[in-house]
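Read through the structure below, which is laid out as structure tokens, and then see the notes.
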Amino acid sequence: MDIQDASAVKSASSLHASGAETPSGKGAGDENFPVGSVLLPAHLRPVIASFYGFARAADDISDNPSLSPSEKIERLDVMDQSLLHPDSTTRGGELARMLAEQGHDVRHPRALLNAFRQDAEKGRYASLEELHGYCRMSADPVGRFLVDLHEGSPEAGAKIYPYSDGLCTALQLVNHLQDCGKDFMTMDRCYLPDAWLAEAGATHADLYGKELTPGLRQVIDRVLDDTDAQLSLAAHLPRALTSRRLAMESEIIVRLARRLAQRLRTGDPLATRVKLTKLDFFIAGVAGAVSGFFFGGKGRLPDGELT
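Counting along the sequence shown from 1, when you hit position 107 you're at 99 in the working numbering, and nothing is skipped either side.
What follows is the structure in structure tokens.
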């Protein structure tokens, strides 16, 4: 290890110990969708939990209102460096070690950090295409990580990425819609495309209201139209996977995402938090597990090609 590497490890360890992370208190139980559930293979759950913990810690940094953009990026850079040093005692070092033991590198957690860096400085998105670019960093790496882990390698999982990307992008979009008012008021972030707001005669200031304006309703419905398109792509994921367990998990999440999108069609996220009910989880869990078990894990793409 050269002097520069040793310095990076020392910096990572020091900042980790002195409070580089800024925990929000949120955990897997605060998520809309299952995180590392019992459906997934037991031997993979520890690395999945480590990945989730790393992502949560980075997300908490980017969302911390007491940190300046430069302070957030500095801390995220330290987390990035920790991924390159699996011999360190940091959260990133632990994740890197666990990934290496499974034969994988750190490309996906590093991609996530780029999204959190962007959140530190960027609060507006001009178009749907620009928003999709953000989702490619903030959401899609999570699905690709799970696909690689279950399929064995990035090479084996590459053909499946379009379908996991569709699911993860859809999940990110509905999360943005759920929190559109809170994100704007607490962090001055708006993920609704500026071009669509202008076309609908809406403004960012409308997000301060206690209910959706007709213009905001129109924009949210357009985002939900795109969400539906992403979920149509994601519907192919369970069958494309070779892992029956991940296929079952994916089928459940697709069904939950569809239900949440339906609720957002009729609900008002400014008036109240639009969320899934226990009944939604039960129905999706049972139907998704059965469907994923019998029809998923076939390793078949939509055109019939084997993965």
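No residue lacks a Cβ here, since even glycine has one placed at the ideal position from N, Cα and C.
As the structure is a computational prediction, the values presented were derived from the model and not from experiment.
Considering only the beta carbon of each residue, do Leu31 and Ile152 sit closer than 8 Å? Contact: no.
Three-state secondary structure (DSSP) of Leu298: When secondary structure is reduced to three states using DSSP, Leu298 falls in the strand class.
Are the Cβ atoms of Ser80 and Ala107 separated by less than 8 Å? Cβ atoms of Ser80 and Ala107: not closer than 8 Å.
Note down, in chain order, each residue of its chain lying with its Cβ closer than 6 Å to the Cβ of Glu13, except the 5 sequence neighbours on either side. Around Glu13: Ala49.
Classify His142: buried if its beta carbon has 16 or more other beta carbons within 10 angstroms, exposed otherwise. Result: buried.
Which parts of the region 104 to 158 are runs of the alpha helix (DSSP H), unbroken and 4 residues or longer, counting only runs that do not cross its ends? 120 to 130, 132 to 143, 146 to 149, all fully within the region 104 to 158.
Euclidean distance between Cα positions of His168 and Tyr183: Answer to the nearest angstrom: the Cα atoms are 7 Å apart.
Look up Glu191 in the DSSP assignment and say whether it is helix, strand or coil. In this structure, Glu191 counts as helix in the three-state DSSP scheme.
Under 8 Å, do Asp272 and Arg251 count as touching if we go by C-beta distance? For the 8 Å CB-CB criterion, Asp272 and Arg251 form a contact.
In terms of alpha-carbon separation, which member of Asp260, Asp218, Asp180, Arg292 lies closest to Leu163? With distances taken between Cα atoms, Leu163 lies closest to Asp218.
My assumption, with CB atoms under 8 Å, is that Ala192 sits in contact with Val211. Please give the rounded CB distance. About 5 Å separates the Cβ atoms of Ala192 and Val211, confirming a contact at the 8 Å cut-off.
Ordered along the chain, which non-local residues of its own chain (more than five positions away) have a Cβ less than 7 Å from that of Trp188? Closer than 7 Å at the Cβ level, and outside the excluded window around Trp188, lie Val211, Arg214.
Is it true that the CB of Leu91 sits closer than 8 Å to the CB of Val98? The Cβ atoms of Val98 and Leu91 lie closer than 8 Å to each other.
Taking only three categories from DSSP, how would you classify Arg231? In the structure shown, Arg231 falls within a helical segment according to DSSP collapsed to helix, strand and coil.
What is the DSSP secondary structure of Arg265, counted as helix, strand or coil? Here DSSP, grouped into helix, strand and coil, assigns Arg265 to coil.
Quick one: is Met240 buried, meaning 16 or more other Cβ sit within 10 Å of its Cβ, or exposed? Around the beta carbon of Met240, 16 or more other beta carbons sit within 10 angstroms, so the residue counts as buried.
Using a Cβ-Cβ cutoff of less than 8 Å, which residues in the same chain neighbour His100 once the five nearest sequence positions on both sides are dropped? For His100, where only same-chain residues beyond five positions count, the Cβ hits under 8 Å are Phe43, Pro133, Val134, Arg136, Phe137, Asp140.
Could you say if the region 115 to 124 and the region 51 to 63 meet the contact criterion of at least three C-beta pairs nearer than 8 Å? Contact between the region 115 to 124 and the region 51 to 63 is absent, because fewer than three Cβ pairs lie under 8 Å.
Rounded separation between Gly149 and Met177 - CA only: Near 39 Å, if we compare the C-alpha coordinates of Met177 and Gly149.
Hey, Gly173 and Pro294 are a contact pair by Cβ (cut 8 Å); roughly how many whole angstroms apart? That belief does not hold up - the Cβ atoms of Gly173 and Pro294 are roughly 37 Å apart, past 8 Å.
Under 8 Å by Cβ, that's how I've got Thr234 and Gly291 pegged, so tell me the actual separation to the nearest angstrom. Sure, about 4 Å apart at Cβ, within 8 Å.
In whole angstroms, give me the CA-to-CA distance for Phe286 and Val266. Their backbone Cα atoms lie some 32 Å apart in a straight line.
From this set, Ala47, Gly158, Ala263, which residue's C-alpha is nearest Arg209's C-alpha? Per the Cα distances, Ala263.
Alpha helix (DSSP H) containing Gln222: first to last residue? 206 to 226 is the span of the alpha helix (DSSP H), which, as asked, contains Gln222.
What is the C-beta distance between Ile53 and Leu68, in whole angstroms, given that I count them as a contact (C-beta under 8 Å)? The pair is a contact, with the Cβ atoms about 6 Å apart (cut-off 8 Å).
Which value, in whole angstroms, describes the spacing of the CA atoms of Gly144 and Arg102? C-alpha of Gly144 to C-alpha of Arg102: approximately 19 Å in a straight line.
Ala227: which of Pro146, Gly288, Ala88, Asp51 sits nearest, CA to CA? From the listed residues Pro146, Gly288, Ala88, Asp51, the smallest Cα separation to Ala227 is found for Gly288.
In this structure, how does DSSP classify Arg181 when only helix, strand and coil are distinguished? Correct three-state label for Arg181: coil.
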